[in-house]
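Colleague: In the working numbering, the protein residues as written are 51 to 140.
Here it is in structure tokens:
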């Protein structure tokens with residue numbers, strides 16, 4: 051599908067490159083990177099940390115200033131699966 055001479059595929063690739071850069075920048079600067087997944091319950095997301103660990107955390111949508119609640123840390127096998135599913139590689 052063409053839209054303003056740019057295909058949907060080209061837009062998707064461009065968005066993926068921007069997300070990769072944001073992830074790299076966040077982790078390099080010592081911040082965590084949030085990975086949304088529709089299979090997680092509402093309000094939960096994966097958080098990847100610079101040391102490579104990934105946790106599932108609960109957000110409070112009513113007050114984003116409140117700290118997130120860590121549900122659990124993923125095993126190494128689960129970390130690999132999440133990175134493959136979301137095409138997140140170092």
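Note that beta-carbon positions come from the ideal geometry of N, C-alpha and C, so glycine has one too. Bear in mind that the values here come from a model prediction, so they are computed numbers and not experimental data.
Taking all protein chains shown into account, do 16 or more other C-beta atoms lie within 10 angstroms of the C-beta of residue 106, making it buried, or fewer, making it exposed?
Modeller: Result: buried.
Colleague: Taking three-plus beta-carbon pairs below 8 angstroms as touching, is the stretch 66–79 in contact with the stretch 88–97?
Modeller: Taking 8 angstroms as the limit for Cβ pairs, the verdict is that the stretch 88–97 does not touch the stretch 66–79.
Colleague: Give the straight-line distance between the Cα atoms of residue 111 and residue 117, rounded to the nearest whole angstrom.
Modeller: Going from the Cα of residue 111 to the Cα of residue 117 covers about 11 angstroms.
Colleague: Hey, quick one: how far does the beta strand (DSSP E) through residue 123 stretch, first residue to last?
Modeller: That run of the beta strand (DSSP E) goes 119–123.
Colleague: Would you mind stating whether residue 77 and residue 83 have Cβ atoms separated by less than 8 angstroms?
Modeller: Yes. Within cutoff.
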